[in-house]
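Since the structure comes first, as structure tokens, the remarks are kept for the end.
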Amino acid sequence: MTSKEMINKKLLNLDKYKQKHVDVEQAIKRYIKPGDRIFIDSGCSEPIDLISKLIELGPQLSDVEMIHFISLSDLDYYKSVGGNEDLFRHNVFFISENLRDSVRRGFADYTPMLLSDIPRFFERGQMHLKTALIQISPPDEFGFCSYGINVDIAKPIAEGAEFVIAEINPKMPRTLGDSFIHMNDIDAYILSDHDIIEFKYDPPDESIKKIAKYVASLIEDESTIQMGIGKIPNAISTELEDKKDLGVHSEVFSDGIVDLVEKGVITCKKKTLHKGKIVTSFVMGSRRLYDFVDNNPFVEFHPSNYCNDPFVISRNKKQVAINAALTIDLTGQINADSLGTLFYSGIGGQVDFVRGANHSEDGKPIAVLASTATLKDGTVVSRIVPYLQPGSGVVITRGDIHYVVSEWGIAYLFGKSIRERVLQMINIAHPDFREELLEYAKKVKYIYADQKLPISISGRLSLYPDKYETTFQMKNGEILKIRPIKPTDERMLQKFYYSLSDLDKYLRFFSRDRNFSHKFVQPLANIDYTTDMVLVSECLEGGERIIVASAAFFKTHKPSTVELGIVVKKNFRRTGIATFLLNYLVIIARELNYQFFTGSILVENKPMLHFLNNSGFPLKSKSVEYGEVLFTLDISK
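Note that the sequence shown covers residues 370 to 1006 in the working numbering.
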């Protein structure tokens, strides 16, 4: 069957509704009058033919207010009226690129609302709507047309409008779910066969790829994911190919989800709500994506007041919400819709999904951003800021978000004090701005006055070597995370030391009443990774991450020799972790051109002496002085 024959077949069911068929000019003139408020279907579903005629008739339709969600077409609404921007008044819930300048110059309006609230706003009659212009698929044999790739706010708003004009396009996918309108509920329709708008994100740069890898590390098998609008959320799908049985409950998705379905990563088998189904409200992408959702029972489209309802979202176990931020301050306040007083985008579904993920069992709300931005004049600025620029909107409060991810790492903010979260945020800021952020935090007393950053022997910031992150599986099957220490680990390291028994404190620190103060612990958590190393082994205990073992070496006055120290919590001994940490330290030490480990052990610390004697590395020297065994371990071979 040719494409033309297929189109004709899809249109057969329109025969019984011929009385509603009008030409496009009739449709506009009959149902839209000067001063009316109208809704224009959004995203990639914009009814191009209806809008084009609306623009052409612009001089006859003064003061028409146009309600949009997202406008993605390149149509010039003011061309027919000589650029008179006073004629039409756009009112958008999300500012897309083609209307951003009009909003900035005051010729268009922005209404900030949660996506889940927009349908209710119209359903309650708080904003009367005269006419809805929608683009839909042809009807089936029962007279039902599909809203296609944009159900979102289009369906509930059209249901509340006085009149509905439909642009029926056989190229619009027939999507399933709560996504239908009956021909009896349409006042007039026109026929169209233009291609559906396609949307493509720019290829991710290196920083976005790093962010995607970090985010992927937070997503567990069997999670249900939401990825908001933006280059960063979209890029994350490429890093999820090793996951198992992921689900999707997201207000929007793009082509990356199709790839994961085809590779068997997304199955939705483990979802606790709409099991076996992808749930969404609209899609943006290529024709391949539109063909994927066409008549596909695996994908359900629902209006935004359901899809974005935080209580509905929270019924998904392991709901992960991934959304982009413009700027974030040191305390975790997230701006996602404005650049100072200049409105840039919108709230969209961010708040809905952050709150839904917050209340989901094992859910994770994640904010993502590149650490810097380049202004038009070439100036590079930090997007992690001391405080939000005056005029910037707080879209996500400091109490809502759990994770913030930049190309420099992951900051975990949930339940953290201001001091702790400030250090977390500084740690993922671009290195060029960390000192400035640190000084501000000291100035306003967010952190200790003597708080430091890890500085290398060259005087530059010592950057965290994430290449050394790994895991260790104990004999009982439990997996421990092994990684270099971070400045943000200071409190966790304190708790680890204080959790040791009096005997362990004595054997490790040669004192039973050692005070592990900030001044003692800070140098151990702020190290020069080019000369020293502290590895920590961590696990979850009752939902809290704790350190269960630490192994370290520090430079000495001898260029080839470093001082060794290892301590393991009692209930994690005889698991092989100490041997693993020692061997891993040896690998790192050799990379840094060290040949010997040295140290001192109390004579009564027989387990440690036995451990060294059986380490597999020759003891170059060993002597006893004042109750201490001084040793040198040859790691050169």
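Note that CB positions come from ideal geometry on N, CA and C, so glycine has one too.
{"Item": "C-alpha distance - Tyr806 paired with Arg860, whole-angstrom precision", "Value": "It should be noted that the sequence gives Leu, not Tyr, for residue 806. About 20 Å."}
{"Item": "DSSP state of Pro853 mapped onto helix, strand, coil", "Value": "strand"}
{"Item": "Test item: CB-CB of Val763 and Gln702 under 8 Å", "Value": "yes"}
{"Item": "Unbroken beta strand (DSSP E) run spanning Leu822, endpoints", "Value": "From DSSP, Leu822 is part of no beta strand (DSSP E); its letter is neither H nor E."}
{"Item": "Neighbourhood of Val627 by C-beta distance below 7 Å, restricted to the same chain and skipping five residues each side", "Value": "Arg657, Leu658, Phe661"}
{"Item": "From Ile716, Ile594, Pro403, Asp509, residue whose alpha carbon lies closest to that of Val648", "Value": "Ile594"}
{"Item": "Terminal residues of the beta strand (DSSP E) in which Cys908 lies", "Value": "902-910"}
{"Item": "Cut-off 6 Å between Cβ atoms - residues of its own chain near Gly778, not counting five sequence neighbours on either side", "Value": "Ile797"}
{"Item": "6 Å CB neighbourhood of Arg458 in its chain, flanking five on each side removed", "Value": "Glu434"}
{"Item": "Bounding residues of the beta strand (DSSP E) (the contiguous stretch that carries Cys514)", "Value": "513-515"}
{"Item": "Separation of Arg406 from Val689, as counted between CA atoms", "Value": "37 Å"}
{"Item": "Ser986 versus Thr641 - alpha carbon distance", "Value": "In the sequence as presented, Ser is not what sits at residue 986; that position holds Phe. Approximately 52 Å between the Cα atoms of the pair."}
{"Item": "Glu536, DSSP secondary structure in three states", "Value": "strand"}
{"Item": "Spatial neighbours of Asp901 in its chain, beta-carbon cut-off 7 Å, leaving aside the 5 residues before and after", "Value": "Phe922, Phe923, Lys924"}
{"Item": "Thr948 versus Gly718 - alpha carbon distance", "Value": "48 Å"}
{"Item": "Best match in Asn519, Thr899, Asp706, Phe667 for proximity to Gly760 [C-alpha to C-alpha]", "Value": "Asp706"}
{"Item": "Residue(s) in a DSSP beta bridge with Gly985", "Value": "According to DSSP, which records beta bridges pairwise, Gly985 is partnered with nothing at all."}
{"Item": "Outcome for Arg543 when other beta-carbon atoms lying within 10 angstroms are tallied against a minimum of 16", "Value": "buried"}
{"Item": "At least three beta-carbon pairs within less than 8 Å, the stretch 574-581 to the stretch 538-553", "Value": "no"}
{"Item": "Simplified DSSP assignment, three categories, for Leu484", "Value": "coil"}
{"Item": "Integer Cβ distance of Pro488 from Ile534, believed to fall under 8 Å", "Value": "Contact doesn't hold; Cβ gap of about 20 Å is too wide."}
{"Item": "Segment contact flag, the stretch 463-475 with the stretch 711-727, C-beta cutoff 8 Å, min 3 pairs", "Value": "yes"}
{"Item": "Distance between Ser515 and Val450 (C-alpha atoms, nearest Å)", "Value": "Confidence is the limiting factor: at Val450 the pLDDT is only 47, short of 50, which leaves the residue's position unreliable, though a coordinate-based value still follows. Their backbone Cα atoms lie some 34 Å apart in a straight line."}
{"Item": "Nearest-angstrom beta carbon gap, Ile518 and Phe722 [assumed within contact, 8 Å]", "Value": "Not a contact, Cβ separation roughly 20 Å."}
{"Item": "Reduced DSSP category for Val450 - H, G, I as helix; E, B as strand; rest coil", "Value": "Note that Val450 has pLDDT 47, beneath the 50 cutoff, so the model's placement of it is unreliable and no number is given."}
{"Item": "Backbone CA spacing between Leu363 and Tyr867 [nearest angstrom]", "Value": "Any property of residue 363 remains undetermined from this structure, which presents the chain solely from 370 to 1006."}
{"Item": "Run of the beta strand (DSSP E) containing Ser775, from where it starts to where it stops", "Value": "772-775"}
{"Item": "Distance, Lys612 Cα to Ala527 Cα", "Value": "39 Å"}
{"Item": "Simplified DSSP state of Phe966, which is helix, strand or coil", "Value": "strand"}
{"Item": "Proximity winner among Gln793, Asn704, Ser969, Tyr833, relative to Arg752 (alpha-carbon distances)", "Value": "Asn704"}
{"Item": "Buried versus exposed call for Ser465 [16 or more other C-beta atoms within 10 Å across all chains shown]", "Value": "buried"}
{"Item": "Cα-Cα separation between Lys379 and His390, rounded to whole angstroms", "Value": "16 Å"}
{"Item": "Of the listed residues Cys637, Gln395, Phe980, nearest to Leu951 (C-alpha basis)", "Value": "Phe980"}
{"Item": "CB of Leu757 within 8 Å of CB of Asn665, strictly", "Value": "no"}
{"Item": "Residues that DSSP places opposite Asn665 in a beta bridge", "Value": "Note: Asn665 sits in no beta bridge, so no partner."}
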